[in-house]
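Following the numbering used here, the numbering of the sequence shown begins with 21 at its first residue and continues without gaps. Don't be surprised by glycine CBs; every beta carbon is placed ideally from N, CA and C. Because the structure is a prediction, the values reported are computed rather than measured. Below is one structure, written out as structure tokens, with a few remarks after it.
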Amino acid sequence: MKLKNIFFTLFFLTNLTALFGQNGIITYKTKRTKIRETSNPEMTRKITEEVNRSSYLLYFNKEKSFFKKEKNIPLYPFESKFADISTGANKNWYQFNGINKDAMYNTAILSKQYIVNDSSRMKEWEFFNEIKIIDGYTCYKAVNKKLNTKSGNYITNIAWYTTDIPLPYGPIGNGGLLGLILKLEIDNFHYLVDKIILNPKKIKKIPNLKKGKNIDVNEKIRLMRDARKVTID
21 MKLKNIFFTL FFLTNLTALF GQNGIITYKT KRTKIRETSN PEMTRKITEE VNRSSYLLYF
81 NKEKSFFKKE KNIPLYPFES KFADISTGAN KNWYQFNGIN KDAMYNTAIL SKQYIVNDSS
141 RMKEWEFFNE IKIIDGYTCY KAVNKKLNTK SGNYITNIAW YTTDIPLPYG PIGNGGLLGL
201 ILKLEIDNFH YLVDKIILNP KKIKKIPNLK KGKNIDVNEK IRLMRDARKV TID
């Protein structure tokens, strides 16, 4: 092997090790991009305001990540809960960078704790030859279409991820790509990176999932229906 090639190989492996050894914290902001007409425009306005003033944290290392909403004092406490539900941030998300890339969260049904696996958020992406610069990082486009079981319509999720940080995480359980998601476009709102801190001297320890029975999303829906004593028609 030529000396030049040896140096190149060592340089590549050294930098690859450094990249995969990264840990960090990302802060995201959300923005409502579409405001649909409703029977209660004042409530819609308040929900939109709460969405636009919310921020979120993603803690990550090479093995896993933890996503949660940052604590704040809402202007409208009632509408704030609807804002969290609409953005998917009404739960804390865990992602795992193993052979099977998983996205999970805890939920309690009738006081019993469950671990819900919603790993479709980490799969079934379609890739596009489009590039966008976000916060100085080169990002690539991926699209995932999801069926809304309530409406029967498909929701198109667009992720912009950077291979400069080659870890498969992102907001509200979305990921499984070749790099961190810096922007996520979902229906009528966006998650957009606000701040990135790589390899901080101090980083919060990523918590563990609470112990519970492992179920998928369909099983969770069935259990919730049973808990409400609603029959499936």
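Residue environment analysis places Asp138 among the buried positions, since at least 16 neighbouring C-beta atoms fall within 10 angstroms of its C-beta.
Taking all protein chains in view, the Cβ of Lys51 is surrounded by fewer than 16 other Cβ atoms within 10 Å, so the residue is classified as exposed. Judged by beta-carbon spacing, Asn219 lies within the 8 Å limit of Asn43, meaning their Cβ atoms are closer than that value. Rounded to whole angstroms, the Cβ separation of Tyr48 and Tyr211 is 5 Å, and the two are in contact under 8 Å. Residue state for Thr53 is assigned as coil, using DSSP reduced to three classes.
Under the three-state reduction of DSSP output, Ser100 falls in the helix class. Assignment of Thr58 by DSSP, reduced to helix, strand and coil, places it in the coil class.
As computed with DSSP, Gln42 is found in no beta bridge at all.
One thing to note: Tyr76 has its Cβ within 8 Å of the Cβ of Ala109.
Ile151: member of the beta strand (DSSP E) spanning 146 to 154, first to last residue. A straight line joining the alpha-carbon of Ser131 with that of Pro227 spans about 21 Å. Under the DSSP assignment, Lys215 falls in the beta strand (DSSP E) whose first and last residues are 209 to 218.
Relative to Asn72, the option among Phe86, Glu57, Asn208 whose CA is nearest is Asn208.
Contact between the segment 91 to 107 and the segment 224 to 242 is not established, with fewer than three Cβ pairs separated by less than 8 Å. The residues Tyr134, Ile135, Val136, Asn137, Leu243, in chain order, have a CB closer than 8 Å to that of Ile235 in the same chain once the five nearest residues on each side in sequence are set aside.
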